[in-house]
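Just so you know, the sequences run in chain order A, B and C.
Using the numbering used here, the first residue of the first sequence is number -7, and each one after it goes up by one.
Using the numbering used here, the first residue of the second sequence is number -7, and each one after it goes up by one.
Using the numbering used here, the first residue of the third sequence is number -7, and each one after it goes up by one.
Only one structure is covered here, and it is reproduced in the block below.
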Amino acid sequence: MTDTATNMRLKLPLTCFILEIIIIILFGVLVQYDKETDAKKWHLEKKSENKSDYENDFYYRYPSFQDVHVMIFIGFGFLMTFLQRYGFGSVAFNFLISAFALQWATLMQGFLHGLHDGKIDIGVESMINADFCTGSVLISFGAVLGKTSPVQLLFMALFEVTLFAVNEFILLSVLDAKDAGGSMTIHTFGAYFGLMVARVLYRPNLDKSKQRNCSVYHSDMFAMIGTLYLWMFWPSFNSAITAHGDDQHRTAMNTYYSLAACTLSTFAMSSLTAHDGKLDMVHIQNAALAGGVAAGTAGEMMLTPVGSMIVGFLAGIISVLGFKYLTPILEEKLKIQDTCGVHNLHGMPGVLGAIVGAVTASLASREVYGDGLEDVFPEIAKGHLSASTQGFRQAISLGVTLGIALLGGIVVGFILKLPVCGAPSDAICFEDNIYWEVSLIASKRPGGPGSEPQLEHI
Amino acid sequence: MTDTATNMRLKLPLTCFILEIIIIILFGVLVQYDKETDAKKWHLEKKSENKSDYENDFYYRYPSFQDVHVMIFIGFGFLMTFLQRYGFGSVAFNFLISAFALQWATLMQGFLHGLHDGKIDIGVESMINADFCTGSVLISFGAVLGKTSPVQLLFMALFEVTLFAVNEFILLSVLDAKDAGGSMTIHTFGAYFGLMVARVLYRPNLDKSKQRNCSVYHSDMFAMIGTLYLWMFWPSFNSAITAHGDDQHRTAMNTYYSLAACTLSTFAMSSLTAHDGKLDMVHIQNAALAGGVAAGTAGEMMLTPVGSMIVGFLAGIISVLGFKYLTPILEEKLKIQDTCGVHNLHGMPGVLGAIVGAVTASLASREVYGDGLEDVFPEIAKGHLSASTQGFRQAISLGVTLGIALLGGIVVGFILKLPVCGAPSDAICFEDNIYWEVSLIASKRPGGPGSEPQLEHI
Amino acid sequence: MTDTATNMRLKLPLTCFILEIIIIILFGVLVQYDKETDAKKWHLEKKSENKSDYENDFYYRYPSFQDVHVMIFIGFGFLMTFLQRYGFGSVAFNFLISAFALQWATLMQGFLHGLHDGKIDIGVESMINADFCTGSVLISFGAVLGKTSPVQLLFMALFEVTLFAVNEFILLSVLDAKDAGGSMTIHTFGAYFGLMVARVLYRPNLDKSKQRNCSVYHSDMFAMIGTLYLWMFWPSFNSAITAHGDDQHRTAMNTYYSLAACTLSTFAMSSLTAHDGKLDMVHIQNAALAGGVAAGTAGEMMLTPVGSMIVGFLAGIISVLGFKYLTPILEEKLKIQDTCGVHNLHGMPGVLGAIVGAVTASLASREVYGDGLEDVFPEIAKGHLSASTQGFRQAISLGVTLGIALLGGIVVGFILKLPVCGAPSDAICFEDNIYWEVSLIASKRPGGPGSEPQLEHI
């Protein structure tokens, strides 16, 4: 089943080695420990500022970092294992491109956000930001899942991480927008970027692989592992880089309630939109997470618990409706084949989250936030911006994100079309056997037409 | 396979929407950020009490909260996936009722424990308590697993959460009992409540579904994911809401050793009670956890490491004996069909934990606890109670818990019997296909009697 | 399929009960709460040293402990489930011997490292150390997986833990070597000990069980759960017992980048060494973790981010080459049947890590470490040792570790050969049915030669 085009023996090792060697050289030249990870600097800081070890940022953020890390590798990785014959590709390509993207993101985000005397300082916060950026790439991976070679995926990650860092820089540093949980920077960006890549890579004859583009019982069970880890740890995701104290605390709690409400509306809508009232695992696996996406921008704000619930409740409804009615339209009319339905989980809920964030920001006041205003909206607290301007800039940020994602996705899509990337043909999509050693088990039934060796898959 | 009774198209969406809308309204009217999650209040507190951000309760409790959260959604969810054809129902109904119960519990526990100026203050501690209450509902779910519709489960959660909060209030606020890890409030309550519900919902013809009321190889593997997460994180569960400092530390460690000892006695008993010495996955999956249940009350006390081990050791023995000899009797004589054997994992070990807690409390003294007595037994430290009275109240608390659980379970059982709830018939229990879209895969073998489409399940 | 030799009905319960009762007696006599878990002592300490609860070591280390705990029970447990018919044995024997080993390790490490007035003081740090020691036993388990009875495994754990504690004592207390993440004490020791046990237990006719000594599709998916948890939490593993502050922070980050680079070189080498360029799950599951092993000694040092990456990059290459070319040689020439390839994941990368640690230590200077030198190299900081002597002692430590592991493994191997241990015969290795109740499902196809009940396994 392997032909020359999809044979990775030279392409994949070359790509991995070249990328990793470039990264190692750039790390050697540019990257250094920040003042909380460097032995000398931290001890100087402790002495000069009379600090204690428990004030090291490690203790504020490392538990959140590990939760985010689990979301990236287990959450996204297993969520995509729902395909019956693409478990290896889902979980292990997810592993590969994440391991690459987090290194590349350290460099790209470092160039744009963190240069100190020509050096990139790294610590737990940069690790979280690198994981966040990786999350965006994994969202795009969801749109093209099963239809791309690992070399294509590495190239996609290379370019997407770079554009992500540019967009993030414009939003957070130029426009002073707030987006701690990444409704815009991560979800909206990753979804629309991935959808555009999928559009350019449109496969008119994909129905030749249709029989594998669905789940079996146990693959749905594996996918639920991914879903639940994403769901449980989303409060950590949204709060991982918010300010210390009430900010992290409040963000986690807002996300918790948004997700809980979202889960109920997801179950309700899944049953309501089925002719026989039966629940659909696709909805449960995906739409129940939309509440976390939609609380990504406003989660750190004084959204109130009830506000969080309303946001999550709406996100679940929108997401199920998207899976049920919009995905088929996207495929038939717009020629966007979105394998995992990232438009429904990350696209629309991300836009919803951006809008909620803009509205909530425009209502910010010292009366509500007290001295906490400086943590959440430093520009408003300093008097540099009014709340309504902050809200307006949040809205502009959504537009910028959509623009960069859509344009970037188209350009990168064309790059990935180059034949050298080794994409599988339309008839062998969603199939691990192209890129993986899959054990062959001889049929146990002796003789007869069924006696040739068969792929063992379940 | 869907008939009118079990068709959820109207019932489930209506139930979810009505419950969620009621919750949203009540949250809007009653719930507010506490002083550690509210931007203004926390910054006022920091200023007036000269506090630092690392003193925010978030940093003391959020890692424990996340461990508890994993136990609720992955632990309980996957533990119940051992049934061969009920994986979706196990993990996803667990998801649904948990998402509902934690919201409802916030309200019910808030009414009874946390009203400030007519408002319910919420933060990480209330989130942990809500998850704890949810755990109790999931224990009851284990008793009726596979034999109930999602609507029945939501109603069960609605009433059980309410009664849980009442019982918890009586124990902790009226009787001043200690039960940080919930041997009584969570495990004993959830188990006996669930057993009574199962008793009322007794199905005389359940053996029509007998062939599905067992595990297959991979479903046992999925269940081990649940077991291990429960086992690993139980130290966090028992210590999540104990006092800061030595209390959290000691509780976690006591639980760790109780579980380790329990695991050895479980393996020993599983082999000893099998005629051919072969180990039984049911015991490993369940009885090895009894040590965590049994350390739920006394874990925060000065139980000593060896005391913890003895408790765990006994709990494992009791639990395996229960699975082997008591469960069949419960079913045949008392007509209690306990799908997961919650009586053996939560019922008896919970009672054991309550007794151990009462004895340990009655031995408390300032000599042993020093100034720590105020954290563990504030009423004894203040001289309001003697140690023996504390012990007596602990014992009374077990009685109260059993009373409310047994009576409450019977009443709620009868409510769930209402035909409108859409329970499955005796012949289609333990079957996902009733409430879920399950992929149909046409048999690949052409022609012959085996050629009709078959449910693909493994 | 059970014969007298492998019948565990008396052997296993007796072994478990005797071991657990000995442990309980020793705990009763020797073990007490340390000053951070004891109610009285902690409150005295708080008062006398004006400490706050957040200075309790629990808050510095418990999140790391839980990550390590997940690695031990889920990580190692599921990593070994790749065998098609040995899932129960992998995950549940892993569970049994870990639960035993962590208790025994508390005692053995306590005797050698932590006696205070004749008592063993325990707290979160001793819990982490006990889990670490357990990890070493699990590495050895990997070498003999599928070919040993649970009684053999318990005996192996008993002796290996004891020798581990001796070796650890020599390295850390006699030689003043540094090995926070255990490249030597855990990985090198566990691997070479296990390889020697496997050598002594060599089975010339193991190819009778060859058809079960491989994976199937879903067993590889379960194994990826183990891989990813090990990969994600390795930063916590290496940093769990390093000094507070920059040390924990830096160690976690070094490990994170080492693993990321290792993943890319693993994918590259896996594809490059396959004739058709297809990736091999065995490499991804194992070699991608070698970067964590290799950063075990130097991770806490000022290895620099780029240094960490280079180490991980090389570890991945070495590890894949080992799987591809060395494992067959070990089996054919040296008669070492290494089921999981622990030599490639833990053995060679452990030695690499020890060498990297020795070199990095010999370059330590106050110029680079500032006052942090006291945390990482207290003996150098105090002027007791020069950096080059420290480096030399690190190298000596590797030699000591190899010596004790190789000799100890041979001796223990012969003990495990005693017939009373109930090892399976060569023809029924890698088979759960020997020690486990495995559900029998009658073939659904009526009549004919296929109609006898068949083991249902997938």
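All residues carry an ideal CB built from backbone N, CA and C; glycine is no exception.
Any C-beta of chain A under 8 angstroms from that of residue i
{"i": "ILE321(C)", "result": "no"}
{"i": "VAL83(B)", "result": "yes"}
{"i": "ASP212(B)", "result": "no"}
{"i": "ASP168(C)", "result": "no"}
{"i": "MET216(C)", "result": "yes"}
{"i": "GLU429(B)", "result": "yes"}
Cβ distance (whole Å) where residue i is taken to contact residue j below 8 angstroms
{"i": "ALA307(C)", "j": "ALA286(C)", "result": "4 angstroms"}
{"i": "SER228(A)", "j": "ALA252(A)", "result": "Actually they are not in contact, since the Cβ atoms of SER228(A) and ALA252(A) sit about 15 angstroms apart, beyond 8 angstroms."}
{"i": "ASP238(B)", "j": "TRP34(C)", "result": "4 angstroms"}
{"i": "VAL192(A)", "j": "LYS38(A)", "result": "With 8 angstroms as the limit, VAL192(A) and LYS38(A) do not qualify as a contact, their Cβ atoms being about 53 angstroms apart."}
{"i": "ALA93(B)", "j": "VAL153(B)", "result": "5 angstroms"}
{"i": "ILE15(C)", "j": "TRP96(C)", "result": "7 angstroms"}
{"i": "SER311(A)", "j": "PRO341(A)", "result": "6 angstroms"}
{"i": "PHE214(B)", "j": "MET213(A)", "result": "6 angstroms"}
Buried versus exposed call for residue i [16 or more other C-beta atoms within 10 Å across all chains shown]
{"i": "VAL166(B)", "result": "exposed"}
{"i": "LEU107(C)", "result": "exposed"}
{"i": "ALA419(B)", "result": "exposed"}
{"i": "ASN(-1)(B)", "result": "buried"}
{"i": "LYS200(C)", "result": "exposed"}
{"i": "HIS267(C)", "result": "exposed"}
{"i": "HIS449(A)", "result": "Here HIS449(A) scores only 43 on pLDDT, less than 50, and its place in the model is too uncertain to base an answer on."}
{"i": "ASP109(A)", "result": "exposed"}
{"i": "GLN203(A)", "result": "exposed"}
{"i": "SER262(A)", "result": "buried"}
{"i": "LEU337(B)", "result": "buried"}
Proximity test, Cβ basis, 8 angstroms: residue i and chain C
{"i": "PHE9(A)", "result": "yes"}
{"i": "LYS242(B)", "result": "Correcting the residue identity first, residue 242(B) is Arg in this sequence and not Lys. ARG242(B) counts as touching chain C."}
{"i": "ASP109(A)", "result": "no"}
{"i": "GLU12(A)", "result": "yes"}
{"i": "GLU16(A)", "result": "First, the residue type needs correcting, since residue 16(A) is Ile and not Glu in the sequence shown. Yes - at least one Cβ of chain C is within 8 angstroms of the one on ILE16(A)."}
{"i": "ASP424(B)", "result": "no"}
{"i": "GLY69(A)", "result": "yes"}
Span of the alpha helix (DSSP H) around residue i
{"i": "GLN24(B)", "result": "Run containing GLN24(B): none in the alpha helix (DSSP H); it sits in the beta strand (DSSP E), 23 to 25."}
{"i": "VAL404(B)", "result": "379 to 408"}
{"i": "GLY237(A)", "result": "That residue, GLY237(A), is in no alpha helix (DSSP H); it is neither H nor E in DSSP."}
{"i": "ALA415(A)", "result": "First-last for ALA415(A): undefined, no H or E at that position."}
{"i": "ALA373(C)", "result": "370 to 373"}
{"i": "GLU74(C)", "result": "Rather than Glu, the amino acid found at residue 74(C) in this sequence is Phe. Note, PHE74(C): premise wrong, no alpha helix (DSSP H); not H, not E."}
{"i": "ALA31(A)", "result": "31 to 41"}
Beta carbon proximity, residue i to chain B, threshold 8 angstroms
{"i": "PHE74(C)", "result": "no"}
{"i": "CYS332(A)", "result": "no"}
{"i": "ASP45(C)", "result": "yes"}
{"i": "GLY345(A)", "result": "no"}
{"i": "CYS125(A)", "result": "no"}
{"i": "PRO416(C)", "result": "no"}
Worksheet item: Where in the segment 80 to 147 of chain C do unbroken runs of the alpha helix (DSSP H), each at least 4 residues long, occur, reported from the N-terminal end onward?
Response: 86 to 105, 116 to 136
Item to complete: Kindly provide the ranges of any alpha helix (DSSP H) runs that are 4 or more residues long and lie completely inside the segment 279 to 366 of chain A, ordered along the chain.
Response: 282 to 286, 297 to 313, 319 to 324, 340 to 354, 358 to 361
Discussion item. Give the list of continuous alpha helix (DSSP H) stretches no shorter than 4 residues that lie fully inside the segment 152 to 198 of chain A.
Written reply: 181 to 192
Fill in: Length-filtered (4 minimum) alpha helix (DSSP H) runs lying within the segment 218 to 274 of chain B
238 to 264
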